[in-house]
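Line order of the protein sequences matches chains A and B. Here the first sequence stands for residues 140 to 333, where the numbers follow our numbering. Here the second sequence stands for residues 37 to 200, where the numbers follow our numbering. All remarks here apply to the structure that follows.
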Amino acid sequence: MAREKIVVAGGSTKSWKLLLGLRIFAFMATLAAAIVMSLNKETKTLVVATIGTLPIKATLTAKFQDTPAFVFFVIANVMVSFHNLLMIVLQIFSRKLEYKGVRLLSIAILDMLNATLVSAAANAAVFVAELGKNGNKHAKWNKVCDRFATYCDHGAGALIAAFAGVLLMLLVSSVSISRLLINSKHLSTTTTVV
Amino acid sequence: MVKLTKRIGGLVLRLAAFGAALAALIVMITSRERASFFAVSLEAKYTDMAAFKYFVIANAVVSVYSFLVLFLPKESLLWKFVVVLDLVMTMLLTSSLSAALAVAQVGKKGNANAGWLPICGQVPKFCDQITGALIAGFVALVLYVLLLLYSLHSVVDPFLLQKS
């Protein structure tokens, strides 16, 4: 009988509200990062050579698919925002359900995995973007940002949103872990926090 | 008896993670190659790329942290803190590995649209050592994910396996 954990109906505890708020912000941040980066494209006509007095123009496009790190960035942010959406829906619509032992644990583990995923994606993209912005003298790689300024600006905006998402996901997984800890401390009583 | 095996298992896991992170750190630091062609000599070392420097720093932090946690006594109250710190270290490891991989991939394949040529053809030994360091970093990451699950389990007992 001591093994039963009956949930107090209603979702008005502080940790529930905090978790929901953090998740909504994390969802918005990662979704914004994914959308801004996936729409990142700039086409420019540049003069590549001059024969006599006739300049030869070439149309170059900078798009996010050129760099595998940015593709990973978009995919990972879409996955994390989808995870957050799912968790928000689950949290709102299942207030009356019991929290059997596995449910809080699986939410905590999934939150941890998604936090590491979004941190990996944001970090890979920021280092490759730094290469594009500053170039690399040792490898003789020229910088891209002086010619494609709008592309770089949009990319920077997406990266800022993604780092906000990283911080928020870290907070979300910390709150999930603390809910798991609180829940397991109330093992011997028959009511527990939602 | 079961508790002792679990504790020893946790210690072995952490020792292995410490070893893997230290190995990644050392292999990356000692990677250095000098190549010369047409009287121009270029030296490739890990400080050329910011991502590799970050990889070295992150693995150093993780190694020091693992070494310190190895000596944490069993009944200490800090174990709950260790769960969150393990999560932070896992995020650090995965972000550094991911950044180093992204930059190494550009170095190996180049980027045709940006006009960046691959450099692995000119400094093959450097590239091989970087690959080795990244593999060690990946092993450290996998071990840290297992450690995270282990410390969560040892603090929380979420499957209610212990009889109260």
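Ideal Cβ placement from N, Cα and C applies to all residues, glycine included.
Exposed unless 16 or more other CB atoms sit within 10 angstroms - verdict on residue i
| i | result |
| --- | --- |
| A247/A | buried |
| H277/A | exposed |
| F232/A | exposed |
| Q204/A | exposed |
| M37/B | exposed |
| F54/B | buried |
| L129/B | buried |
Extent of the continuous beta strand (DSSP E) run through residue i
| i | result |
| --- | --- |
| P194/A | 193-202 |
| I190/A | 180-190 |
Short CB-CB distance (under 8 Å) between residue i and chain A
| i | result |
| --- | --- |
| S131/B | yes |
| I155/B | yes |
| V120/B | yes |
| Y186/B | no |
| A138/B | yes |
| A92/B | Looking at the sequence shown, residue 92/B is not Ala but Val. Chain A contact via Cβ: absent. |
| D84/B | yes |
| K161/B | no |
| K199/B | For K199/B, the predicted model reports a pLDDT of 41, less than 50, meaning its position is unreliable; a value from the coordinates is still stated below. So, not an interface residue. |
| A80/B | yes |
C-alpha distance - residue i paired with residue j, whole-angstrom precision
| i | j | result |
| --- | --- | --- |
| V175/B | S132/B | 13 Å |
| F117/B | N179/A | 41 Å |
| V228/A | L252/A | 19 Å |
| I321/A | A59/B | 38 Å |
| S102/B | K183/A | 50 Å |
| L243/A | L319/A | 6 Å |
| Y180/B | A136/B | 18 Å |
| K144/B | A264/A | 17 Å |
| K39/B | Q230/A | 35 Å |
| L306/A | A172/A | 14 Å |
| R286/A | Y82/B | 28 Å |
| D292/A | C284/A | 9 Å |
| K196/A | V175/A | 29 Å |
| V257/A | L78/B | 36 Å |
Limits of the unbroken alpha helix (DSSP H) element including residue i
| i | result |
| --- | --- |
| T41/B | 38-65 |
| A215/A | 207-232 |
| T167/B | 160-192 |
| M167/A | 153-177 |
| R286/A | Neither: R286/A is in no alpha helix (DSSP H) and is coded neither H nor E. |
Residue-chain proximity (residue i, chain C), Cβ-Cβ < 8 Å
| i | result |
| --- | --- |
| M37/B | No chain C is present in this structure, whose protein chains are A and B. |
Any C-beta of chain B under 8 Å from that of residue i
| i | result |
| --- | --- |
| G271/A | yes |
| W280/A | yes |
| I321/A | no |
| N216/A | no |
| F203/A | no |
| T255/A | yes |
| T152/A | no |
| F221/A | no |
| A148/A | Confidence is the limiting factor: at A148/A the pLDDT is only 32, short of 50, which leaves the residue's position unreliable, though a coordinate-based value still follows. No, because no Cβ of chain B sits closer than 8 Å to the Cβ of A148/A. |
Presumed contact (8 Å Cβ cut-off) between residue i and residue j, rounded CB distance
| i | j | result |
| --- | --- | --- |
| S312/A | L121/B | The pair is not a contact, with the Cβ atoms about 13 Å apart (cut-off 8 Å). |
| M226/A | R162/A | 6 Å |
| L61/B | A96/B | 6 Å |
| A303/A | A188/A | Not a contact, Cβ separation roughly 43 Å. |
| V314/A | L157/A | 6 Å |
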